[in-house]
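Written below as structure tokens is the structure these notes are about.
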Amino acid sequence: MKITSISRTLLTRVLSVYFILTISVTGIQIIAEYFNTKSHINSELLTLQKTISGSLTRAVWELNTQQAVDISEGLIAIPMIKGITVTDEANNIITQLGEILTTPSQATKDSFNEHQSISSLTEGLFGHSFPLIFEFSGRTTTVGTVTLLSSNDVIFSRIEVGIYFLIGNAIVKTTFLVFLFSLAFTKLLTDPLQELTDQMKQLDLHDPEASKFHIMNDEKNELNILEDAYNNLIDELVEFKDKLSLSQRETNLANDKLDEQNLLLEQEVAKKTSTLSSTLLRMEVQQKEMLEQQNELKEENNRRRKTESTLMTTNKELKNSILELSKAQDRLLEAEKMASLGELSAEVSHEINTPIGISITSTSYLADIITKLQQDITAQKLSKRTIDCFISNAQHSVKLLSNNLQRAAELITSFKQVAVDQANDKVRLINISKYLDEIIQSIHPKLKKTNHSVKINCDPHIEIYTHPGAIAQIIINLIINSIIHGFQDVNKGIINVDVTIEKQRLMILYRDNGAGINEEQFDKLFDPFYTTRADKGGTGLGTHIIKNLVVDTLNGAIDAYSGSDGGLSYRITLPDMRYS
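Now the structure itself:
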């Protein structure tokens, strides 16, 4: 049998663990150094973005291609920059220098508000794209994108010396520990164990006292404990031999007594056998009764299985029915949202017709006076009074045309922003005051037909990350509910919307001075399909949609209050999604 050295096994395992740990720690340090250097390079790219964004935006806006090329050539000369791509708003490449990604980043395809990081593991490139945003007349326009690329070669060139140092340090420490552990295991374990083994081989079972261990060293350690335990075992062995002799004598006496007891036991068994026979007969009768009860239990179990199967089938059908009802409710909610958007579109379209009609009339009138002026010039009847009259009428027509076209553009812009937000669930940063103005502007055609008014009380600096489409639909549904239900018998209704920020949460207090609702209606306010205007086309989904949007989409809370003096109030609490 092959003997394996304990010290060598321990040394191998300890050094293996240390070697694996050293490799792991060194690898983690190298990876950390890699990502740290990559993070620094990304920070430098962001700094370059802030430096060149303004000049590149101006160059692209002014279609100054040569300036954009010059800036790109200056950037590509930086060792850190391995590639640069500048595109216009239509994603057409203005200039492209150095390395490029074979698969275009999504950041160069879609419009966005912030820079997006890009990378390619197969090509060893990384970097980010950012938009070129030009501000004009208070509005921002994305005129193009810029993609800055760096590579892993830049990272490795920066951390190369550090990697060599880490590897060399690990090799030196490992070599030293191998020598140190080898020396310690040989002196403290291998040699003492060999001496202990030699003494154990000299054990004599006939004279155990002569086989006791002698003291091997003066130190108190596990080997000394083993030595003491072995010597104690020898003492116990001597004592056990003496006890064994005494036990043998006692055993012989006990055997004699046992023979006598066996004779008495055989007589007792004969008596018990007759009693056992009668007991067996009674047990057979009881067994038959138990078999009959067992058959009855089997029949009862079969009936229960059939009942359980029927219940499971019914439960499955109920689950399918609930799922279908849920899908139907989702379709109804979506249909209600589209119906609301369609009605709003019709109102806005009707409202736009007025300024467009006035603009067409002004254009026709301006064409007529220009034709009249041309005729006077041809007939050489042109006078200062005629020119002054033409200029006055023309200025009036242009002013009228400009005002009405501006009014139509504002209506279209407000409706477009609100409609786009309602059609998607994208989270973005919005200014609440400006966005509420856009919502009110988009439903102005509906308010214009009434004497009702909406008053917004909001700090113009409040900004929040949220789903703007959900907020638009909530405010629009609340206002429409007030107009249809609250102001049904009110000539001049007033709606107040107070907006504040409390502990990074947006608080919206919506109040109207309408007729209010009774206690029964209040208990069912947010129930789906509950309406008091079913005969006039009401679906009963308005407030239910509002609650779903606040709770499920915006992760907020909503409470309703009905005052004793009439009117209905809603308190809506919404989190800022950048902190949630």
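Numbering (our numbering), first residue to last: 83 to 662.
Every residue gets a Cβ at the ideal spot worked out from N, C-alpha and C, and that includes glycine.
These figures come from a predicted structure and were not determined experimentally.
Own chain, CB closer than 6 Å to residue i, minus 5 neighbours either side, in chain order
i	result
Arg653	Leu591 and Asp641
His526	none
Glu390	none
Ser651	Arg593 and Tyr643
Gln59	The structure shown has nothing for residue 59, since the chain only spans 83 to 662.
Bounding residues of the alpha helix (DSSP H) (the contiguous stretch that carries residue i)
i	result
Ser239	Asn234 to Phe267
Asn678	With the chain represented from 83 up to 662, any question about residue 678 goes unanswered, as that position is not in the structure.
Ile553	Pro550 to Asn563
Phe608	No alpha helix (DSSP H) contains Phe608, which DSSP labels as neither H nor E.
Thr272	Thr272 -> no alpha helix (DSSP H), and no H or E assigned at all.
Ile521	Ile514 to Ser524
Alpha-carbon spacing of residue i relative to residue j, whole angstroms
i	j	result
Asn173	Ile166	14 Å
Gly156	Gly180	12 Å
Thr355	Thr361	10 Å
Leu511	Thr548	7 Å
Lys629	Phe608	7 Å
Asp605	Met394	35 Å
Val254	Asn118	26 Å
Thr445	Gln586	51 Å
Lys463	Leu448	20 Å
Ile307	Val107	38 Å
Glu318	Glu332	21 Å
Leu544	Tyr517	Note on residue identity: the sequence assigns Ile, not Leu, to residue 544. The straight-line gap from Cα to Cα measures roughly 11 Å.
Gly645	Glu601	11 Å
Leu455	Gln477	15 Å
Glu371	Lys380	15 Å
Leu97	Asn313	35 Å
Lys401	Lys508	32 Å
Glu348	Asp341	11 Å
Asn234	Val260	36 Å
Ser121	Ala252	26 Å
Asp470	Thr460	18 Å
Thr468	Thr453	13 Å
Glu584	Ile576	26 Å
Proximity of residue i and residue j at Cβ, strictly below 8 Å
i	j	result
Leu183	Ile200	yes
Ile561	Val536	yes
Thr625	Ala639	no
Ile237	Ile163	no
Thr169	Gly226	yes
Phe258	Leu93	no
Gln131	Phe212	yes
Thr222	Glu171	no
Val142	Leu214	yes
Ile514	Leu588	yes
Leu127	Ser232	yes
Gln111	Leu315	no
Phe216	Thr139	yes
Ile546	Asp450	no
Asn539	Val579	yes
Glu144	Gly244	no
Thr91	Thr256	no
Ile176	Thr147	yes
Residue range of the unbroken beta strand (DSSP E) whose run includes residue i
i	result
Leu591	Arg587 to Asp594
Glu580	In the sequence as presented, Glu is not what sits at residue 580; that position holds Asp. Ile576 to Glu584 is the extent of the beta strand (DSSP E) around Asp580.
Asp170	Gly165 to Asp170
Thr147	Taken as a continuous stretch (DSSP letters only), Thr147 belongs to no beta strand (DSSP E), being part of the alpha helix (DSSP H) at Thr147 to Ile158.
Ile654	Leu650 to Pro657
Asp641	Ala639 to Ser644
Glu217	Leu207 to Phe218
Thr177	Ile175 to Gly180
Contacting residues, own chain, Cβ-Cβ under 8 Å from residue i (five flanking each side not counted)
i	result
Ile134	Ile153, Leu157 and Val228
Val633	Ala639 and Ile640
Met365	none
Close-in-space but distant-in-sequence residues of the same chain around residue i (CB under 7 Å, 5 per side omitted)
i	result
Ser240	Sequence inspection shows Arg at residue 240; the Ser mentioned does not correspond to that position. Same-chain partners within the cutoff: Thr119.
Pro542	Ser515
Phe472	Ile451 and Leu455
Min CB distance residue i to chain D below 8 Å
i	result
His478	In summary, chain D is missing from the structure at hand, where a single protein chain is found.
Touch test, the segment 556 to 571 against the segment 508 to 527, Cβ-Cβ under 8 Å, three pairs minimum
At 8 Å Cβ cutoff, the stretches touch.
Touch check for the segment 590 to 606 and the segment 560 to 578: three-plus C-beta pairs under 8 Å?
A contact exists between the segment 590 to 606 and the segment 560 to 578.
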